[in-house]
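Engineer:
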Amino acid sequence: HTHDDDRDRCFEAGMNDFVAKPYRKDTLLEVLSRYLSATVRAADTPARAAVERGRPIQEDTAPQNAGDTLDAATLAQLESDVGRERTGELARVFATEVAGRLDRIRQGDEVVVMREAHSLKSGSGIFGATALRDLAAALEREAKAGNRNALDRLVGVLVEVVPGVIRAIERRYPDAASASDSQSDGNL
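For the sequence shown, the positions run -7 to 180 when this note's numbering is used.
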């Protein structure tokens, strides 16, 4: 259980919101939906536009099977909790977020990489993108250590893995793009 000063320190450190442990799934999903909904409304972002065009990254530079799998048990649990349609909508927003995070990681210094990798690690775990989650965890560690050579190598791997994760989401939720794009009120 947390204290008010724990919550205050988190907000002072730049967090957008706070969910205390032990958390309830419905509370966590509500908070995630609130922030993912804001992403959907930001249709003018370069990452969203890239996903809408098809692929945010040149596919010919990525191995065809890199990150192409999502953990079925993780997605089945999420679908059980919020429904398949909503999971698909959230997964497509996540795919958009991944593209934007990749852009920021590629252009950022160690502080930006650490922040973006941390967020990428969390989101990847939620959607069962275990290879991406593990890669993001390694990026976060190396950024914290200031190991630029390792970061450059890991970013190269990230560029190869991200398109596969996006393809896997598109295959599992082929109707999610049109469903999330047609949301006029921004609510998932």
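In this text, a Cβ means the ideal position worked out from N, Cα and C, and glycines have one as well.
From a predicted model like this one, the values you see are computed outputs, not experimental measurements.
On the criterion of 16 or more Cβ atoms from any shown chain inside 10 Å, does residue 72 qualify as buried, or is it exposed?
Structural biologist: Exposed: under 16 other Cβ atoms inside 10 Å.
Engineer: Suppose you measure from the CA of residue 170 to the CA of residue 85; what does that come to, to the nearest Å?
Structural biologist: Residue confidence is low: residue 170 scores 45 on pLDDT, short of 50, so the model does not pin down where it sits. No coordinate-derived value is stated.
Engineer: Give me the Cβ distance between residue 195 and residue 127, rounded to the nearest whole Å; I'm assuming they're in contact under 8 Å.
Structural biologist: This structure gives no information on residue 195, because the portion of the chain shown stretches from -7 to 180.
Engineer: In this structure, does DSSP put residue 125 in helix, strand or coil?
Structural biologist: Note: residue 125 maps to helix in three-state DSSP.
Engineer: What residue does the alpha helix (DSSP H) around residue 106 start on, and which one ends it?
Structural biologist: Unbroken alpha helix (DSSP H) run through residue 106: 102 to 118.
Engineer: Quick check: what's the CA-CA separation for residue 121 versus residue 108?
Structural biologist: C-alpha separation (whole angstroms): 16 Å.
Engineer: Are residue 105 and residue 158 touching if we call contact CB-CB under 8 Å?
Structural biologist: Cβ atoms of residue 105 and residue 158: not closer than 8 Å.
Engineer: Report the residue from 131, 99, 164 whose alpha carbon sits nearest the alpha carbon of residue 112.
Structural biologist: Here the closest residue by C-alpha is 131.
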